[in-house]
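Everything in the sequence shown is counted per our numbering, starting at 171 for the first residue and increasing by one.
For glycine and all other residues, C-beta sits at the position ideal for the given N, C-alpha and C.
Small disclaimer: the values here were computed from a predicted structure and weren't measured.
The structure appears right after this line, and notes come after that.
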Amino acid sequence: MPKALLFDLDGTLADTDPLHLLAWQEALRPFGLAVDPAFYRERISGRLNPEIVEDLLGLKGEEAQRLIAAKEARFRELAQGLEPTPGLHELLKRAEEKGLTWGVVTNAPRENAHHVLKALGLSPPLLVLAEEVGRGKPDPLPYRVALGRLGVAPEEALAFEDSPSGVKSAAGAGIPTYALLTGHGAESLLEAGAKGVLRDFQEALDLL
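Right under this line is the structure:
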């Protein structure tokens, strides 16, 4: 029995990827970049914003920050009435009944993270933001920070992710990791180190 559950935010707690895709399409269109779902999965999903805009546009500094701020503001406009991934509340209730703690580990900017959590009615005991710890996924550091703050060993936790980048981060920290099939195919998630893949959190109930 694990002692803690650790969740990614976007694409894991809720299927926000279609909204991020739309926001990125609008933000990058003036630069002549057409972002389709395959491009989003391969070049954007799971990465930190500064890395994305530098890679795609060669932008850094204030210019990059203005673009990122506009994109994320548009995402928050779109992210109304979010629904949790099916089975999430049941999984959290079962975890509470069994005395487990939980937390969220995300590359999302602080304002987005709080917006999504509020929209979902969630108040995690722990929130680890990559922008605050110095390195983002796929680096294992955000998950290592989460383990340290919760005081649990890697094998005493379970992680839930939805991107190869996130899976690499959690698995790289030594945490058994399950991947949701909300945005990426099973093959890429398993190759990244996922212990298994799930359609939603209903399929995770048997893990507790």
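Assigned exposure category for residue i - 16 Cβ within 10 Å defines buried
i, result
"Lys-263", "exposed"
"Glu-247", "exposed"
"Leu-281", "Before going on, a small fix: residue 281 reads as Glu here, not Leu. Glu-281 is exposed by the Cβ-count criterion."
"Pro-279", "buried"
"Pro-334", "buried"
"Gly-228", "exposed"
"Glu-212", "exposed"
"Gly-273", "buried"
"Lys-241", "buried"
"Gly-216", "buried"
Alpha carbon of residue i to alpha carbon of residue j, nearest angstrom
i, j, result
"Pro-295", "Gly-202", "42 angstroms"
"Leu-368", "Thr-271", "21 angstroms"
"His-284", "Asp-376", "29 angstroms"
"Ala-343", "Met-171", "19 angstroms"
"Pro-200", "Glu-266", "47 angstroms"
"Val-298", "Ala-204", "32 angstroms"
"Gln-250", "Val-286", "9 angstroms"
"Glu-325", "Ile-345", "6 angstroms"
"Glu-232", "Pro-220", "11 angstroms"
"Leu-198", "Leu-328", "36 angstroms"
"Gln-235", "Leu-191", "18 angstroms"
"Ala-208", "His-354", "10 angstroms"
"Lys-230", "Gly-269", "45 angstroms"
"Ala-379", "Gly-321", "Any property of residue 379 remains undetermined from this structure, which presents the chain solely from 171 to 378."
Residues near residue i in its chain [Cβ-Cβ closer than 6 angstroms; skip 5 each side]
i, result
"Gly-306", "Leu-218, Asn-277, Ala-300"
"Gly-257", "Asp-370, Phe-371, Gln-372"
"Val-337", "Glu-331, Thr-347, Ala-349, Leu-359, Ala-362, Gly-363, Ala-364"
"Tyr-210", "Leu-191"
Proximal residues to residue i (C-beta, below 7 angstroms), its chain only, five neighbours per side dropped
i, result
"Ile-214", "Trp-194, Ile-222"
"Asp-309", "Ser-339"
"Pro-254", "Leu-183, Ala-184, Leu-290"
Limits of the beta strand (DSSP E) - the one that residue i falls within
i, result
"Ala-174", "174 to 177"
8 angstroms CB neighbourhood of residue i in its chain, flanking five on each side removed
i, result
"Val-411", "Past the edges of the chain, shown from 171 to 378, lies residue 411, and the structure says nothing about it."
"Leu-261", "Leu-175, Phe-371, Ala-374, Leu-375, Leu-378"
#### Entry: Complete runs of the beta strand (DSSP E) confined to the region 299 to 372 [at least 3 residues]
327 to 331, 347 to 350, 366 to 368
### Query
What runs of the alpha helix (DSSP H), each 4 residues or longer, lie entirely inside the region 237 to 286?
The alpha helix (DSSP H) runs lying completely inside the region 237 to 286 and spanning 4 residues or more are 258 to 267, given in chain order.
### Task
Ignoring anything shorter than 4 residues or poking outside the region 194 to 239, list the alpha helix (DSSP H) runs there in chain order.
219 to 227
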